[in-house]
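Numbering (this note's numbering), first residue to last: 45 to 137.
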């Protein structure tokens, strides 16, 4: 490929993708700690009130950032689902 402009954009995208992966890894480290605490304290794996508040917050942030709020909600719901799945598994270990 000889298009230097396109290569520059793609390098930026690659850097952003790497940052996203690292941020997600850090987020999941914290949610694993939350899951361990919930399991030890006998708390339920899911907290629907917290989840809905976080989704509403993320939708507002997405709007401010000119990102599709529906996309950001779908993304967060996917992450929340994974976290709950991990928390449920921790309760049985």
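Glycine included, C-beta positions come from ideal geometry on N, C-alpha and C.
Under the rule that a run must span 4 or more residues, the alpha helix (DSSP H) segments found entirely inside the segment 48–89 read 48–85.
Closest in C-alpha terms to residue 125, from the list 73, 92, 58, comes 92.
Within 10 angstroms of the beta-carbon of residue 49 lie fewer than 16 other beta-carbons, which makes it exposed. If you draw a straight line from the Cα of residue 106 to the Cα of residue 80, it is about 30 Å long. Residue 87 is not a Cβ neighbour of residue 102, given a cutoff of 7 Å. A distance of 7 Å or more separates the beta carbons of residue 89 and residue 123.
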